[in-house]
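Order-wise, the sequence lines are chains A, B, C and D.
Take 6 as the starting number for the first sequence in our numbering and just add one per residue.
Take 6 as the starting number for the second sequence in our numbering and just add one per residue.
Take 6 as the starting number for the third sequence in our numbering and just add one per residue.
Take 6 as the starting number for the fourth sequence in our numbering and just add one per residue.
All C-beta atoms, glycine included, are put in the ideal place defined by N, C-alpha and C.
Here's the structure we're looking at; comments come further down.
Protein chains: 4
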Amino acid sequence: MQTKECADAASHEPSGGLRAAQREFTRRRFVEAAVTVFAEKGYVETTIDDILRRAGASKATFYVYYDNKANLLLDALAPYRCEYAVLVRQFQQLVEPTLADFESWISDYVDLYSEHRLLLGAMHQAEVFEPEFRGRTIEAVRNYIDMWDKIKLIETSKEPRDLLELRCVLLYSQIQRFMYVWQLEGLEIDRSSAVCEIAAAWYRIIKSA
Amino acid sequence: MQTKECADAASHEPSGGLRAAQREFTRRRFVEAAVTVFAEKGYVETTIDDILRRAGASKATFYVYYDNKANLLLDALAPYRCEYAVLVRQFQQLVEPTLADFESWISDYVDLYSEHRLLLGAMHQAEVFEPEFRGRTIEAVRNYIDMWDKIKLIETSKEPRDLLELRCVLLYSQIQRFMYVWQLEGLEIDRSSAVCEIAAAWYRIIKSA
Amino acid sequence: MQTKECADAASHEPSGGLRAAQREFTRRRFVEAAVTVFAEKGYVETTIDDILRRAGASKATFYVYYDNKANLLLDALAPYRCEYAVLVRQFQQLVEPTLADFESWISDYVDLYSEHRLLLGAMHQAEVFEPEFRGRTIEAVRNYIDMWDKIKLIETSKEPRDLLELRCVLLYSQIQRFMYVWQLEGLEIDRSSAVCEIAAAWYRIIKSA
Amino acid sequence: MQTKECADAASHEPSGGLRAAQREFTRRRFVEAAVTVFAEKGYVETTIDDILRRAGASKATFYVYYDNKANLLLDALAPYRCEYAVLVRQFQQLVEPTLADFESWISDYVDLYSEHRLLLGAMHQAEVFEPEFRGRTIEAVRNYIDMWDKIKLIETSKEPRDLLELRCVLLYSQIQRFMYVWQLEGLEIDRSSAVCEIAAAWYRIIKSA
DNA sequence: TATGAATGAGTCTTCATTCAT
DNA sequence: GATGAATGAAGACTCATTCAT
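In structure tokens form, the structure reads like this:
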């Protein structure tokens, strides 16, 4: 699902010479090592040394590239964030979305999530105790409300804005935790039913508005 | 809201002699210290030493009572867990619940959650990286499904069981994350609207069934 | 030359029980190890590990007792500082000091300095780059001026106070650096001549006043 | 105060071609950067990287020019050392110096010192823990004695040579430490009084001889 | 000549846990 | 039952220095 516009986010595609390529190569090794080790041991239990060992690099080299583990995770997340941003933009371009539109969008989102699930698991852990990551939740909620806001459904509604925002928060909460329980805690879920049910809930917000 | 049947969970009320009372006294000091410090610094940042200092106890004493920090948290959570269990039982005794029933129940749950919010925050952190706590999520989900199961709505429904379970998971996800975002991340929410909206969603599951 | 009143500074004499004695014992081991290693490698080159190895203690133990190397040095210097303070008090009690008084005092000071010379060497190094030690020089100068001030020679003099203070600074500078060059750089010096010459310079300050 | 004969010491004036000029240019950049950074952070706290960053040069380039930080400091000190050497020669040419001669010389020395004070501060730090710099003190003392020796006052004196040397050491100690306390520790001192007092002490050595 | 990527070797610091008293 | 001295083990981070380009 790697879209063209996110290739750069993934790779910091070296524009220039050999040096740049070399640098990019190393950076990518760190990212790959991190992804692997985070997947194995989770973010918390992973030490910088673990990543180093996997990447076959030395401690000092790590600090040339990153300030700390959180930093590296952020870098590793870049592709996901970019692709998610693309999805958000697509959502915002929906005009009078149908149930099918929502199903299709959610399906894409599920794909994206499951593609990056282990990294997202690491991110959830980081959110708990990396200062850099804490407080992102609120931001994410606002982003989500924003996403709905842009499709002009909120402001044109007869319902009070506060109520609509509350519903957004509830939808956000639902999908977030659900994805986590499903993709990361391994609860068995029937994919298409899930997409349908969530889409239905999303659609209801429009109908009621 | 401390119900009578949970007093014991909170205190391990000493049945017996002086020794037991003394022991109970010390245990309670640890729990109180833990609650305070977890509230201040969060579970992750809190060291056993922090708790000790607050409790005015010594290192070794701690290990007489608990194996580790997670253990102590579990102990501190006992009152919450007990009261939550009471709530669950009340839910299961609902017969043909009305919207008002759900609103009332959810309202009680919100009370319970907010009463223990800081401790629950600690718990969320612990879930991320304490082996003892990991995997509790699935269990919690199953419990939740069970709760609904007992009110006989699932099994008497015409809808396939899988779908009803899925809806439970979605409701569970929704309220869990919502409570977290509201109570712990500090998102401003209108309480009564929230209760109404959630209750409505819960009620819908019955109607549709 | 260990005076009675400084025994405590040296040892933190345990007033109490076994525990206190044990603690004091360990602390003293650290101090002794530090003195030895500082003498061997100088303060700068000495790592905490070096001291640990010599003391036969573990890293963690060190941090139970001290926050850092500078802290330990400060502790090790306590006896010297105490004895120096005694000397200062003796100086201040001189009434109409004679040349012989100065000679005697300086001689004592030389004894004290040479008794602690290696530790004082470490201190000089620490003054260069331990924040805790930086800025002590000015303080030491003021102390020295104070010492002269107390013998009432400054204030009763016809000379302006500023000039007398300047002379004090010059005397301070002279003896400080001289002791360093002699005792720590190993320049060969005839002790009694040195004492005489310095005393003469000190005496001149009174005469001229 | 840059005398003509020291211009070379400052610049290693390129005699030859373009290459040499280029080389000299880079070297000077390092020196300037070093002076600035040493002044800001002191010698100890300054890392080679700091200097590099300031000079806008790269790691490897540094090692083309210098072996280490101490080396660079030595290079940066060249102008000072040269000018000091000039002063020393002037001193040695004094014939039957008067009090005014000494005052004038000391005044020049104060100028020189304060012009280079921050670099001299760096040097004092380096003396503490750079092998290259350690042991320079003794050498400096001997140089100072030598300076007095050359004016033939020592050898023609009736006093024993040892005593005269001792007095030199005391004068050396005095002015060294005094300059440090004054110029680098920031003790407030009246310049002309200081010059007078020191000169008086120097003059006394002649009189007594 | 100039560079910057890579590193070895080291240092400080923290914390949960044990054991003799 | 309570204590606090001691520690093992690990982790984060820094810096001078080298080497291929």
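Euclidean distance between Cα positions of residue i and residue j
{"i": "S112(A)", "j": "W207(A)", "result": "13 Å"}
{"i": "A65(D)", "j": "R24(A)", "result": "15 Å"}
{"i": "P102(A)", "j": "L104(B)", "result": "30 Å"}
{"i": "R147(C)", "j": "G140(C)", "result": "12 Å"}
{"i": "P19(C)", "j": "A127(B)", "result": "Residue confidence for P19(C) is low, a pLDDT of 49 falling below 50, so the modelled location carries little weight and cannot support an answer."}
{"i": "M6(D)", "j": "L82(A)", "result": "Caution is warranted here: a pLDDT of 48 is assigned to M6(D), below 50, making its placement in the model unreliable, and no coordinate value can be reported."}
{"i": "E50(D)", "j": "P136(C)", "result": "11 Å"}
{"i": "S197(D)", "j": "L78(C)", "result": "39 Å"}
{"i": "G133(D)", "j": "V133(C)", "result": "Residue identity differs from the one stated: residue 133(D) is Val in this sequence, not Gly. About 8 Å."}
{"i": "G47(B)", "j": "C11(A)", "result": "36 Å"}
{"i": "R94(C)", "j": "I150(D)", "result": "36 Å"}
{"i": "I210(D)", "j": "V200(C)", "result": "17 Å"}
{"i": "E88(A)", "j": "V36(A)", "result": "17 Å"}
{"i": "L171(C)", "j": "Q130(D)", "result": "25 Å"}
{"i": "L169(C)", "j": "D80(D)", "result": "40 Å"}
{"i": "L175(C)", "j": "Q181(D)", "result": "10 Å"}
{"i": "L30(A)", "j": "D54(A)", "result": "The identity of residue 30(A) in the sequence shown is Phe, whereas the question assumes Leu. Distance between the alpha carbons of F30(A) and D54(A): 19 Å."}
{"i": "Y114(D)", "j": "F43(C)", "result": "35 Å"}
{"i": "S178(A)", "j": "K74(B)", "result": "29 Å"}
{"i": "A62(C)", "j": "L125(B)", "result": "41 Å"}
{"i": "A90(B)", "j": "D72(B)", "result": "25 Å"}
{"i": "P84(A)", "j": "I203(B)", "result": "35 Å"}
{"i": "L192(C)", "j": "S119(C)", "result": "13 Å"}
{"i": "L123(A)", "j": "R86(A)", "result": "14 Å"}
{"i": "F138(B)", "j": "E144(B)", "result": "11 Å"}
{"i": "D167(D)", "j": "V186(C)", "result": "16 Å"}
{"i": "W110(B)", "j": "A60(B)", "result": "36 Å"}
{"i": "A26(D)", "j": "A26(A)", "result": "34 Å"}
{"i": "W153(A)", "j": "H121(B)", "result": "32 Å"}
{"i": "E190(C)", "j": "E45(A)", "result": "59 Å"}
{"i": "N76(C)", "j": "T41(A)", "result": "43 Å"}
{"i": "D195(B)", "j": "R32(B)", "result": "38 Å"}
{"i": "E108(C)", "j": "F96(D)", "result": "33 Å"}
{"i": "Y68(C)", "j": "R58(A)", "result": "30 Å"}
{"i": "R28(D)", "j": "Y70(D)", "result": "9 Å"}
{"i": "C173(D)", "j": "A39(D)", "result": "34 Å"}
{"i": "L92(D)", "j": "Q98(D)", "result": "10 Å"}
Chain B residues whose Cβ lies nearer than 8 Å to that of residue i
{"i": "D195(A)", "result": "D167, L171"}
Per-residue contacts from residue i into chain C (C-beta, under 7 Å)
{"i": "E190(D)", "result": "T142, I143"}
Neighbouring residues, chain C, relative to residue i (Cβ below 9 Å)
{"i": "A199(D)", "result": "L171, V174, L175"}
8 Å Cβ cut-off: residues of chain C touching residue i
{"i": "S119(D)", "result": "Result: empty, since nearest Cβ-Cβ is about 16 Å, beyond 8 Å."}
Partners in chain A for residue i, counting only beta-carbon separations shorter than 7 Å
{"i": "Y146(B)", "result": "Checking the sequence, you will find Val at residue 146(B) rather than Tyr. V186, L192, listed in chain order."}
Proximal residues of chain D, C-beta to C-beta of residue i below 9 Å
{"i": "E202(C)", "result": "L168, L171, R172, L175"}
Proximal chain A residues relative to residue i, where beta-carbon distance stays under 8 Å
{"i": "Q130(B)", "result": "V133, F134"}
Cross-chain neighbours of residue i in chain B, by beta carbon under 7 Å
{"i": "F183(A)", "result": "V174, L175, S178"}
What are the start and end residues of each continuous alpha helix (DSSP H) run of 4 or more residues lying completely inside the segment 135-192 of chain D, in chain order?
Complete alpha helix (DSSP H) runs here, min 4: 141-155, 158-161, 166-184.
Using a Cβ cut-off of 8 Å, which residues of the segment 31-63 of chain D contact any Cβ in chain C, in chain order?
G47, V49, E50
Note down, one range per segment and in chain order, each alpha helix (DSSP H) of at least 4 residues found wholly within the segment 23-88 of chain C.
As far as the segment 23-88 of chain C is concerned, its whole alpha helix (DSSP H) runs of at least 4 residues are 23-50, 53-60, 64-70.
Give the residues from the segment 97-117 of chain A that approach chain B closer than 8 Å (Cβ to any Cβ), ordered along the chain.
Listed by position along the chain: nothing, the set is empty.
Which complete alpha helix (DSSP H) runs does the segment 102-126 of chain B hold, if anything under 4 residues is left out?
104-120
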